[in-house]
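Since the structure comes first, as structure tokens, the remarks are kept for the end.
Residue numbers (full-length UniProt numbering), protein chains in the order written: chain A, 1 to 379; chain B, 1 to 323; chain C, 1 to 385.
Structural data, given as structure tokens:
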């Protein structure tokens, strides 16, 4: 196992990538993107073995791809909080839920909120907030929640923040479950709106059957988010996060206002999570509280860390593997969670810097390993 | 909201809360000790507790213990189950440390990685009882709830005079058991030679190792002690609730971790205070509203406490926790 | 320079390999390439539900029952297979499954969803694909009453009926006038308890809510102690019912305990132990007589007595198979056949009204009593309609 990892390291893919000419990188990126768009139709052996619908009880390939991309968006958002700013957020599912609930609460004609608005303003029974308007609402709601949660708690030290955010995620889920006359309670909300589009064959463009269209939509959003996140990483804000993550006190002495930048990270991460939740809720056309259990928060954190916290490519790889593998190996049925746990331990023990680490992180770990060895030798 | 129900039976609800909180407190000790020494949240600790409950079931099955045995048999079976649960839980905690944490420590991995291996270990342990053992041995393993014989029959042993509050034997056992174990652990950490080592490493690992404290041994010791306490909690839990399940640890683990933070993580007495307080808050909330709001109330109380005391009620240092 | 030439080699090799392999052929990904056409009678029927996870024990017997019906089916012309799709009962995992089934024309019917949440999330997908569904156990009222779709049918009565039947049992059979109603705050228990509460009216003394995963029910017990009920109803699942019932009995509350179909199953007796003696479970599942061939056949095939909804699963499959016997070869034909179906089933006389429900007078609703760890049928209950 470690030999394989060593030979992989020997390839120095990261360095080669950096040294490759710019035109080559552009072409390669375009090819990757084009391939990603083509994926739902990938039907050429042997590559088609990655499809999830090969055996009779498999699940729809395009739907799985959609879910993968939605989780990738969430993971990129969480990476801003964990990877860039170094804050441990165990309640990320709360923002994801808020995004999904926003579009359901304001966009579905069967939601109690919409019905209350209808009777308050004498609107027709089909009236609901249009989907396009739900997007800013979802982002605003999750962003506001991020600030409200962050403002009092971001002064807490790392592990305290972890339990407080975990509690926040649970509060969102339980409140959604209990407030029957606002959120529809445990039964959830149906008729969640879909994005507008031309009708094809008598069905709306974004319908329940043609999942690849949803996948492409999510992919476009993912590309946008990845682009924004990578710009952010190398901006002034990104450097401030780096400084805070490495040594908050030193950063404060150098004039980097820790609290402000942490709150930024939290708010940005929250709104990206909300966007991912919105996509999920809209595709599902049904939102219910049990879709936002605590385990999903852990899964998001695992995606970020397994891939390589701080590195966007790594996080994408992590999100892909943790979503895709359980779906691809559905035939293993009840053994999947066990295998999943085992894999988490093995991968992390063998490769603590993540599968595709950020170079800075890998170097840090290498340093600390030497320190640990020296300390052991001293003792 | 029904404050009348709360006020009218305040003594009763407080006793209910303390019973519930005693279990949280014992499990919280495991989180707090490991955190105090290693600054690490041991996410697999909830499963250390779960293994303990299954061990109690196993011991009863081997002994053929059932409800309605003679007093001598009951005491013997309970003590054996206690011993077995403590051993099994401590062993599990130690195994988690060896497999998931020690290699990472050697590589100098950042704390986040420990969290993921902890979650991984937790999943492996849960699935061991929910799937792996079932595949090999069948029931009682699996994903269904399993009954554990009520070896100790619940009955009212005395009534607190003045407020006329009946106390059952199982409740009494849980509260006294939790407090006795707490005092024993506290005395051990504060008075014994090994305990001094624990406090030294918690205070300053580098200086401690210069002073000749074997850090690895201290780490093993805190995992064993924390595990054993979870084993005690497991026995008391099964006495009161009579069940186990593959994922029984999950919720109790989160509650216990909350309790540890509430009291001041890293602080033994904080775990007791946090556990009891959390239990009481939860029961009060269930009276004012109903049990579907307990978790929301508990987390809001946690946030409020942390806003005013950012390191929990009693502060966080294991090293400074002394009389 | 050496490096970049190596990169070039890699790119070229990948391109050549890709082209070479693309000539090897394509995979069959199901997308409607086989079955369906002409007189060819090769079809698949999907069963969708929680086949793994904590609630699998309420679902697996029904799918086994369906498979038994298929095994016993005598038809030389057709080749039908049952495909089991695990959703873990999670709506989010059920949607890709539904999209897959709807997109594959060789599926002419679906047995499920087993739970209401996943059914709610997927029925519009099946509607768009025109796939007829027969659910063996989804009971939420809105599925057929508020938001009906043409493809959805179910063999069990919905929550309104169940709530009324349970309330009737509590007042008439138990003779209770002060019922304490508890639910688990989830999509299953809460609406059921709401219906029980509605029908009971003044006969309910207090209502309380608990949570899934809860083990300590002391607050609920103390409410019971002050309310002094003469019967207790619990809408929820076995995992919480077991400790709840044990704590009720420990507190010396000896009144009858009645639960909904969430408690039905062989696991109930095992989980509650001695405290569960005499507890009653209400279920829209007809008792299977021990001397019927179904029980014996089931036991032989799956090594255990038929569990929850096994007869309903058997019936659902039988309706689909009857459609094929009748010459139906497309989803539209099967749907039309199911809509008009009338016949005697194992669980009840089957027919579907316009909303997809079995008419109330044909439903059989039973109270089972836990005696020595097994649920034995006690009495059939019919609410006034």
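The beta-carbon is built from N, C-alpha and C at its ideal position, and this holds for glycine as well.
Item to check | Identified DSSP bridge partners for residue 103 of chain C | outcome: DSSP output for residue 103 of chain C lists no bridge partner at all.
Next on the checklist: Using only the alpha-carbon positions, how far apart do residue 182 of chain B and residue 111 of chain B sit?
Outcome noted: 28 Å
Checklist entry - Mapping DSSP to helix, strand and coil, what is residue 35 of chain A? => result helix
Checklist entry - Can you round the beta-carbon distance between residue 108 of chain C and residue 338 of chain C to whole angstroms, since I take them to be within the 8 Å contact cut? => result So it is not a contact: roughly 10 Å between Cβ atoms.
Item to check | Pick from A:32, A:135, A:117 that is closest to residue 127 of chain A, judged by C-alpha positions | outcome: A:117
Checklist entry - Opposite residue 325 of chain B in the DSSP bridges: which residues? => result Nothing can be reported for residue 325 of chain B: it is not among the residues displayed for chain B, which extend from 1 to 323.
Checklist entry - Does any residue of chain C bring its CB to less than 7 Å from the CB of residue 251 of chain B? => result yes
Next on the checklist: What would DSSP say about residue 396 of chain C, mapped onto helix, strand or coil?
Outcome noted: As shown, chain C starts at 1 and ends at 385. That puts residue 396 of chain C outside it, with no answer to give.
Checklist entry - So what does DSSP say about residue 46 of chain C, is it helix, strand or coil? => result Correct three-state label for residue 46 of chain C: strand.
Checklist entry - If we count the other Cβ atoms within 10 Å of its Cβ and call it buried at 16 or more, is residue 241 of chain A buried or exposed? => result By the neighbour-count rule (16 or more Cβ atoms within 10 Å), residue 241 of chain A is buried.
Next on the checklist: I want to see whether chain C comes within less than 7 Å of residue 171 of chain B, judged by CB atoms only; does it?
Outcome noted: no
Checklist entry - Hey, how far is the Cα of residue 349 of chain A from the Cα of residue 264 of chain C? => result 44 Å
Checklist entry - Does DSSP classify residue 380 of chain C as helix, strand or coil? => result strand
Item to check | Distance between beta carbons of residue 158 of chain C and residue 357 of chain C, contact taken as under 8 Å | outcome: Yes, residue 357 of chain C and residue 158 of chain C are in contact; Cβ-Cβ is about 7 Å, under 8 Å.
Item to check | residue 257 of chain C, enclosing alpha helix (DSSP H) - first and last residue | outcome: Here residue 257 of chain C belongs to no alpha helix (DSSP H); instead the beta strand (DSSP E) covers 257-259.
Next on the checklist: Closer than 8 Å between beta carbons: that is the criterion. Which residues of the region 105-118 of chain B meet it against chain A?
Outcome noted: 105, 106, 107, 108, 109, 110, 111, 112, 113, 115, 116, 117
Checklist entry - Straight-line CA distance for residue 101 of chain B to residue 178 of chain B? => result Roughly 28 Å separates the two Cα atoms.
Checklist entry - Just checking my contact of residue 295 of chain B with residue 170 of chain A at CB under 8 Å: how many whole Å lie between their CB atoms? => result 6 Å
Next on the checklist: Give me the chain A residues within the contact set of residue 154 of chain C, using Cβ-Cβ distance strictly less than 8 Å, ordered along the chain.
Outcome noted: Neighbours of residue 154 of chain C on chain A: none; closest Cβ ~16 Å, over 8 Å.
Checklist entry - Closest to residue 383 of chain C by CA distance: which of C:282, C:164, C:174, C:347 is it? => result C:164
Item to check | Short CB-CB distance (under 7 Å) between residue 363 of chain A and chain B | outcome: no
Next on the checklist: When you compare the CB of residue 125 of chain C with every CB in chain A, is at least one pair closer than 7 Å?
Outcome noted: yes
Checklist entry - Taking only runs of the alpha helix (DSSP H) that begin and end inside the region 330-360 of chain A, which ones reach a length of at least 4 residues, in chain order? => result 336-350
Next on the checklist: With a threshold of 7 Å between beta-carbons, can residue 241 of chain B be considered close to chain C, or not?
Outcome noted: yes
Checklist entry - Taking Cβ positions, are residue 167 of chain C and residue 183 of chain C nearer each other than 7 Å? => result No, these two residues do not count as a Cβ contact at 7 Å.
Item to check | Same chain only: Cβ atoms within 6 Å of residue 95 of chain A, ignoring 5 sequence neighbours per side | outcome: 142, 270, 273, 274
Checklist entry - Once you ignore the five residues that flank residue 72 of chain A on each side, which residues in its own chain have a CB closer than 6 Å to its CB? => result 222, 316, 319
Checklist entry - CA-CA distance, residue 164 of chain A and residue 136 of chain C? => result 42 Å
Item to check | Chain-order list of residues whose beta-carbon lies under 6 Å from that of residue 324 of chain A (same chain, five-residue window excluded) | outcome: 68
Checklist entry - When you compare each of B:54, B:95, B:94 to residue 81 of chain B by their alpha carbons, which one comes out closest? => result B:54
Item to check | According to DSSP, residues forming a beta bridge with residue 367 of chain C | outcome: C:282, C:379
Checklist entry - In its own chain, which residues sit with a C-beta less than 7 Å from the C-beta of residue 213 of chain B, not counting the 5 before and 5 after it? => result 197, 200, 201
Item to check | Beta-carbon spacing of residue 22 of chain B, residue 51 of chain B below 7 Å | outcome: No, the pair does not count as a contact, with Cβ atoms beyond the cut-off.
Checklist entry - Considering only residues of the same chain and omitting the five flanking positions on each side of residue 210 of chain B, which have a CB-CB separation below 7 Å? => result Spatial neighbours of residue 210 of chain B in its own chain (CB-CB distance under 7 Å, excluding positions within 5 residues in sequence) are not present.
Item to check | Spatial distance of residue 471 of chain C from residue 261 of chain B (CA atoms) | outcome: For chain C, the structure presents residues 1 to 385; residue 471 of chain C sits outside this window and is missing.
Checklist entry - Excluding sequence positions up to five away, which residues of its chain have a Cβ less than 6 Å from the Cβ of residue 23 of chain C? => result Below a pLDDT of 50, predicted positions are generally treated as unreliable, and residue 23 of chain C, at 42, falls in that range; the measurement from the model is reported next regardless. For residue 23 of chain C, same chain residues with a beta-carbon under 6 Å away, outside a window of 5 residues either side, do not exist.
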